[in-house]
Every structure is written in structure tokens, then in C-alpha cells.
Amino acid sequence: MKVDEEQNRVAHFLYYGAPLQAPEQQITKLTLQSDMSPDNIIIRNQLAYWQMLSGNHRLAAHLLQETLTLFKHETLQHYPDNQETLLLIAINLMQYRSTFLPMARAILEHLVCQNEDHSAAQFWLGNLCLLQGFPKLALEHFDTALMGRPESAEVVAKKASVLLEGGAYATAARLSEQAWELDPSNHQALLTKGKLAYYSKDFESAQQWYGLAHRLRPWQWDAAHSYGMFLLAHGHFQTGWKCYNLHQHLAPSIRGRQLFEKNNLWQGEPLANERIVIIADQGFGDAIQFSRYLPELAQRAQHITLICSPALHDLFRFSFGPLCQIEIKEDSAEHAIDDFVTESVTHRVDRWLTLSGLTEMFAMESFLKEVEDCPEGNGFRPYLHVAQEKVIFQINQLSGLIKPDGLKVGVFWHGNDVAGIYPRHIDLTALKPIFDLDGVQFISLAVNEHKQDLVKYPFCSGIVDASPYISSFYDTAAIIKGVDLVISIDSAVAHLAGALGKPVYLLLPYVNCWRWGLTETLTPWYPKTKLFRQIQSGTWETPVTQIVKQLKLLSNYK
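Letter 539 of the sequence shown, counting from 1, is numbered 1358 in our numbering, and no numbers are missing.
So this is what it looks like as C-alpha cells:
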């Protein structure tokens, strides 16, 4: 079948965001004209993606499964030369991430085998590599794509974005400028220019670029999300949360989202006896930070199902289980949430929301005002808890390693960097002035490969390694309860200590995440947390010196 002009117009809207008048009517028209023959595979493919954009995820998944079945049995035979059809199918499959990525890769590699210079296939292979966590390989595909399409703003902008995330700021700036000149409406170029302005603390320019990207592409979740984070960092919470949480409606990457219908998204209406599923859709730190709203949700809902990582199970079950019927489902693999939601026929799901989405529901601005009235944390109630016997057990395990006297300080120096932009690690040599203090017992809370950092430097020999006793955040929480304070970079450990009500000294890079504001030394999220900021990128001398002074006062008092 030759793809006619009408179908190409629809495809262009679905995959590239170009304006299309009355797209739903156009799709309906194509549906009425179609049948179930393999020759109409592209129509079902287009219908699947439109249904996903419209929030009808079960129908979209069904249509996509039909597309996939036809592809396996018919498509390569019927369309050996119709590269456009195969490409559109691959792009559609990529929207559903874990489920269909292998098939998307098979299609794209088939196209590249047919024609190594197929620029579009190379470009989407690069995007697929990014989804799978291989940025260097993605750049190779983008470079190959540019050999055939050197004037492609789309490819240039994407390459600039990846280089920016890798810290190549100068090259990213040059390429984003090039992409913008090629296409002033390219939202990826606008976002990269906005990020570059933000990282140089040119906030006026950053707001202009972010705002323009969001206005030109209001349906692009990354444009909305970036603009939302900018607004939140500047204290514009009401508008900021709306943009920040738009990914619930727009981003296909939310785990299990395709199996929920859009009209089941909870928007604050009374829940009565309905079951609501809350998805911890982001990192560990976000899950800990936004879990503060679960007790308030429990006042409105009798049946709450929380989907989160196994590493948080014990902590959340002990902290929130007594308040209501909270079931914490395993998320050890990408398919786990999908599997749970698939069972919704027998396990009723009436409403759903992401954990971060609760921020919009519970009067964020009044919450901040309330906490700001108690700057020393006197009005803050810790919302995460640990059983006392668990704390005693962990302390006893460490008792032979820890000096009985002196200040006891937990330390954490290496979290997960966010795309190379907000550095969430610090070399231990920068912390040497802190570790050299007398009268302070330091306890490392690092796990995985980062605990090996301790053996590299002689000045770390007195630091107690607690990693053998940590297998979950509940274990870490029990140790934190047994120390006097925690020193940490921006990490889930910092969120955990703050949520437990422990004093935290938080080391922040020159450009930091939105949640810590711009210049503040305290944070309303965790009133017992003090912020120590770099005053120059890459140099930790000033914040470390400030912490040394604070610790000297505390150790003398102790």
C-alpha cells in the first residue's frame, strides 16, 4: 500500500508534533476507511499512538499489539521497501518503553541493514540508545544521521542535549545555537539553551527559553517539566507544580501508565470507598520527599496501593502502614507495575496518581508558609519512622566499631548524578578538613561501589564502614537514628535523614536541583537541614570550611 498524503499528515502530527487541524476527526475518518488487512497496518499504528495521546491506553495497547502481530507475520513481506511505514511503527513501539523496545530495535536495525545511510533510522536508534542508558552509542548514531542530514535541526538539537548532559557545555552551546538557527521552533534546542542559561545563572534568559519551549510545545512533557522546575526553584509553586506534574498526562515513560485510563487520574475529587493507586514514578529521593503526603491522602482514601521500589518497602510499610490499608507492590523490574495493573480486573483500581502528583492536591504554598514560621524545625513532624528495636539492633552491630564518646556523624558523598547536570557527588579529598577533626566519629552510609572510596585515602581510615549492615533504606534509617547528624550531598540519604527529623548538613553544587531554592541556607522541606552552597563551580572549599566551623562548635558542646 502506498501511504497517501492524508495519512502522512496524520503521521506527522502523531510523531513530530506538527499542528494538525481536528486530528481526532481525521483519525476517525481513517478508521472508517480501514479494514483489518495487513495493508492498513500503518493506520492501526497511527490510531494506537493517537489513542495513547488521548489517554485511552488500554485501547492503544490493543491496537499496538495488533500492529506488532502483523509486523511479526506480515510486514516485512508486504512492505520490504516501505521504509516510512516501518519507521513509524518503530517510533510508536518506542513510546511504550520496556514492553516493545526490543521489537523497535529490530525494526530500526533492519532499516539500517537495508540502508546504512538511513538518517531517520539512525536518529531513532540514537534515541532508543538513550532510553536504554547508552549515551555514547546514541551520539554515534546521531553523527551517522548527520552525515546524511547535516541541516537537520532535530538531530543537531538532540546531539546538543546529550552533550550537555555529559558536561560538554561549550559544544552543546554551539550546537544548540546551530539547531535554533535551523529551526527557531525546535523545542529541544530551546530547552538546551534554557538549561545553559540556567547553569550560568542567567535566570532571566533561562525563563525566556523555557517559557518559549513550553508555549510552542505545550504537549511536550519535557518542556513542561523543565519549565516547572524553573518556576519551583524561584518559589512559584502553584504554577510550577502544574507544569512539573504534566508528565502524568503527557509522558509515555511513566511505568504502567499505558494500562491506566486517563479518566481514572485522580484530581482531588472525593474518593469514598474507591481504591487509589499511587506510583512512585521518580527516584528514591523524590519518593521519600513526596511520601510526606501519604498520611494526608489516608484521611481521604480508605484503600491506598503504593507502588515503589523494594528498597523502600520496609521503611514505607512501617511509617505509613498503620494509617490505612497501604499495599506496597514490588517494582524490582520494569514489568512489575504493568503486571500488577494488568490484574486490575480482580484487584480493583478506581483512581491513580503519581506520588509527586500529590503535591498539587495538598496546598503546597500553605504548607511552606506553615513550616517557614518555624525555621528551627520546632513545628516539623517527622513523617518517616523506625522501630526502636531496629535502631537498637543496628547500633549494637556497630558498637564494636564506634568510639563511645564524641559526636557521631553519618556521611554520604556519592549519589546518582542527574544526567551530569546537577553533580551529586564529591571527591573525598575535598572533605579531608572535615574528617581531620578531633572528637568526631564518622560513619559511612555509602553502599555499592562507592564504599570502596574509603580504602583509597589514608585519612579515611578512621571512618566506620556501615555498608555490611545496609540492605535497604530501613537499615540506613535505623543507623541515621543512632547518629547526631548527617553530612551529605544532594541524595536520597539526605532526604531520608531530613524526613526522620535528624539535623543534616547538605552540600550543594554551584547549580543545584530546584528543591533547594537559589540562595537559601535553610529549606522548608526539612527545617533541620542546613544548606552549604558552592560559591564557585567545582570548588568545595567555602562550604566545607563552613561545616568545619559548625562541627567544631558541636563537638566542643558534646
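Quick reminder that beta carbons are idealized off the backbone N, C-alpha and C, glycines included.
Rounding to the nearest angstrom, what Cα-Cα distance links residue i and residue j in this structure?
i	j	result
Asp-1041	Ala-923	22 Å
Pro-1359	Leu-1131	Just to set this straight, residue 1359 is Trp in the shown sequence, not Pro. The alpha-carbon atoms of Trp-1359 and Leu-1131 are separated by roughly 31 Å.
Gln-1077	Asn-1083	The predicted position of Gln-1077 is uncertain, since its pLDDT is 48 and thus under 50; a value taken from the coordinates is nonetheless stated next. Distance between the alpha carbons of Gln-1077 and Asn-1083 is about 12 Å.
Ser-856	Leu-1315	Residue placement at Ser-856 is poorly supported in this model, since its pLDDT is 49, which falls under 50; the coordinates still yield a value, given next. One C-alpha to the other measures close to 55 Å.
Ala-1311	Tyr-1017	24 Å
Pro-1037	His-1006	10 Å
Val-1283	Leu-1250	15 Å
Phe-919	Gln-933	22 Å
Tyr-1276	Thr-1248	8 Å
Phe-1292	Asp-1303	18 Å
Arg-1034	Leu-1015	19 Å
Pro-1219	Asp-1257	A quick correction: the sequence has Gly, not Pro, at residue 1219. Distance between the alpha carbons of Gly-1219 and Asp-1257 is about 19 Å.
Thr-1124	Leu-1172	11 Å
Thr-1338	Lys-1020	12 Å
Ile-811	Gln-1260	Examination of residue 811 is not possible in this model, given that the chain is present from 820 through 1377 alone.
Ser-980	Tyr-1324	32 Å
Leu-906	Ala-940	7 Å
Leu-1350	Asp-1255	21 Å
Leu-930	Thr-963	14 Å
Glu-1413	Ala-992	As shown, the chain starts at 820 and ends at 1377. That puts residue 1413 outside it, with no answer to give.
With a 10 Å radius around its C-beta and 16 neighbouring C-beta atoms as the bar for buried, classify residue i as buried or exposed.
i	result
Thr-1342	buried
Ser-1356	exposed
Phe-1278	exposed
Phe-1212	exposed
Cys-763	Outside the shown range of the chain (820 to 1377) lies residue 763, about which nothing can therefore be said.
Val-1274	exposed
Thr-1348	buried
Ser-1045	buried
Asn-1235	exposed
Gly-986	exposed
Glu-1088	exposed
Ser-1151	Low confidence applies to Ser-1151: its pLDDT is 44, below 50, so where it sits in the model is not reliable enough to give any reading.
Asp-1100	buried
Ser-1280	exposed
Met-966	exposed
Asn-911	buried
Asp-1133	buried
Asn-1064	buried
Gln-1086	exposed
Tyr-1271	It is worth fixing the name first, because residue 1271 is Gln in this sequence and not Tyr. Classification of Gln-1271: exposed, given that the 10 Å Cβ count is below 16.
Arg-1352	buried
Gln-1207	exposed
Ile-1354	exposed
Asp-1309	buried
Gly-1336	buried
Please indicate yes or no: does the CB of residue i lie closer than 6 Å to some heavy atom of the ligand SAM?
i	result
Gln-951	Of ligands this structure carries none, so the ligand SAM is not represented either.
In the DSSP assignment, what residue or residues form a beta bridge with residue i?
i	result
Leu-1226	Val-1259
Asp-1041	Its beta-bridge partners do not exist; DSSP assigns none.
Asp-1284	Ser-1263
Val-1096	Thr-1124, Trp-1171
Phe-1181	Phe-1181 is not bridged to any residue.
Leu-1350	Leu-1325
Gln-1355	Thr-1358
Residues in its own chain within less than 8 Å of residue i by CB, not counting five upstream and five downstream?
i	result
Trp-1060	Gly-1047, Leu-1051, Thr-1178, Glu-1179, Met-1183
Arg-1119	Pro-1089, Leu-1090
Ser-1175	Tyr-1063, Asn-1064, Asp-1100, Gln-1101, Asp-1105, Phe-1109
Pro-1201	Ala-1318, Leu-1319, Gly-1320
Lys-1371	Leu-1256
Got a sec? Which residues, its chain only, sit under 7 Å from residue i by beta carbon, not counting five neighbours each side?
i	result
Thr-1295	Leu-1264, Ile-1289, Val-1312, Leu-1315
Lys-978	Leu-958, Phe-961, Leu-994
Ala-909	Ala-923, Ile-926, Leu-927, Trp-943
Thr-1058	Leu-1050
Ala-1025	Gly-1013, Ala-1016, Tyr-1017, Phe-1049
Ala-947	What sits at residue 947 in the sequence shown is Leu, not Ala. Met-913, Leu-920, Ala-923, Arg-924, Leu-927.
Could you name the residues of the same chain whose beta carbon sits closer than 6 Å to that of residue i, not counting the 5 residues immediately before and after it, in chain order?
i	result
Lys-1300	Val-1205, Val-1210
Leu-1373	Leu-1226
Ala-1297	Val-1205, Lys-1209, Val-1210, Gln-1213
Arg-1334	none
Tyr-1029	Gly-1013, Ser-1045, Tyr-1046, Phe-1049
Glu-1115	Phe-1181
Val-1096	Thr-1124, Val-1168, Trp-1171
Gly-945	Ala-957, His-960, Phe-961
Ala-972	Ala-998, Leu-1001, Asp-1002, Asn-1005
Leu-1031	Leu-1009
Pro-1252	Val-1363, Val-1367
4-residue-minimum alpha helix (DSSP H) runs that sit fully inside the stretch 1287-1331, ordered along the chain: Runs found: 1292-1300, 1311-1318.
Quick check for students: name the residue ranges of the alpha helix (DSSP H) that lie wholly in the stretch 956-1006, counting only runs of 4 or more. Listed in chain order, the complete alpha helix (DSSP H) runs (minimum 4 residues) inside the stretch 956-1006 are 972-984, 988-1001.
Along the chain, which unbroken stretches of the alpha helix (DSSP H) at least 4 residues long are found entirely within the stretch 1101-1142? Within the stretch 1101-1142, the complete alpha helix (DSSP H) runs of at least 4 residues are 1103-1109, 1113-1117, 1132-1139.
For the stretch 922-955, which segments carrying the alpha helix (DSSP H) assignment without a break, of at least 4 residues, lie completely within its bounds, in sequence order? Complete alpha helix (DSSP H) runs here, min 4: 938-950.
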